[in-house]
Amino acid sequence: MNGDTESFQNLWPRLASRFGCKIPDPMFPNGGVPHTKGFKNYESSTIQLRNKPPLKASASALGISSDPAAENSPTLFLQVDPEKWAKREDVNNAWCKLRDMYRLDQKAWDKATWDFLVMTLGRDWNCVGSMSKARKLGWTGYADTWDELEKTFETLEDQGVLPPLDRLKHDF
0 MNGDTESFQN LWPRLASRFG CKIPDPMFPN GGVPHTKGFK NYESSTIQLR NKPPLKASAS
60 ALGISSDPAA ENSPTLFLQV DPEKWAKRED VNNAWCKLRD MYRLDQKAWD KATWDFLVMT
120 LGRDWNCVGS MSKARKLGWT GYADTWDELE KTFETLEDQG VLPPLDRLKH DF
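So this is what it looks like as structure tokens:
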């Protein structure tokens, strides 16, 4: 939350471009909905959460209390489950190659947790935040999402968690 409005439809192409990747078309060949096959030969995950959807809190005031969207439990769906992906032999072999080539920090891989990524990428509801309360309390700062992501990537490169971008693009 930093005051700008951003979505993955804008971020995915920028992330792919930054790292020299191409987004496949179609991105979701099996429908991209829960309980469908994962992308290519990757394992997907569908996780039905036990809580009520975020919409439930205001459904009555919106006049949609009987709408299934306000009643059905939220779902996390990932075409490529990051936790399962990280355990694959081919992925670990690729990591070892990158680690050795760029002298990356093995602890970053060993201690990686995927829960935040699963929740961020897998949710089937929109998440729009507001800085209004922070502004009322005196916060006047602003940061652009992409600029902050770029700074984070550069920090991770400097710390040996990610390969240096210029070398990565040159080598691949």
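Going by numbering that gives the first Met the number 0, the residue at position 90 of the sequence shown is 89; the numbering climbs one at a time, nothing skipped. Ideal placement from N, C-alpha and C gives every residue a C-beta, glycine not left out. In this text the structure is predicted, and so the values were computed from the model without any measurement.
Closest residue to residue i among the options (Cα-Cα distance)
i	options	result
Glu70	Pro53, Glu82, Thr112	Pro53
Thr74	Gly37, Pro28, Met118, Leu155	Met118
Lys51	Asp123, Leu167, Val79	Asp123
Asp109	Ser131, Arg102, Ala85	Ala85
Ser43	Phe115, Gly137, Gly121	Gly121
Pro164	Thr4, Asp143, Arg17	Checking the sequence, you will find Leu at residue 164 rather than Pro. Nearest of Thr4, Asp143, Arg17 to Leu164, Cα basis: Arg17.
Asp99	Pro162, Ala142, Ala111	Pro162
Gln47	Phe171, Ser64, Ser72, Arg134	Ser72
Own chain partners of residue i with C-beta closer than 7 Å, once the 5 adjacent residues on each side are dropped
i	result
Ala107	Val160
Lys21	Ala15
Residue i, buried or exposed, once every other Cβ within 10 Å from all chains shown has been counted against 16
i	result
Phe76	buried
Gln158	exposed
Leu103	buried
Gln8	exposed
Gln105	exposed
Asp3	exposed
Close Cβ partners of residue i (< 6 Å) along its chain, the five nearest in sequence each way excluded
i	result
Thr35	Asn29
Trp94	Trp108
Discussion item. Please give me, in chain order, every unbroken run of the beta strand (DSSP E) with length at least 3 that falls completely inside the stretch 40 to 77.
Written reply: 44 to 47, 74 to 77
Practice prompt. May I have a chain-ordered list of the alpha helix (DSSP H) segments no shorter than 4 residues that lie completely inside the stretch 70 to 122?
Written response: 81 to 86, 88 to 101, 105 to 109, 114 to 121
Discussion item. Report the start-end ranges of each beta strand (DSSP E) in the stretch 0 to 25 that is 3 residues or longer and not cut off at the edges.
Written reply: none
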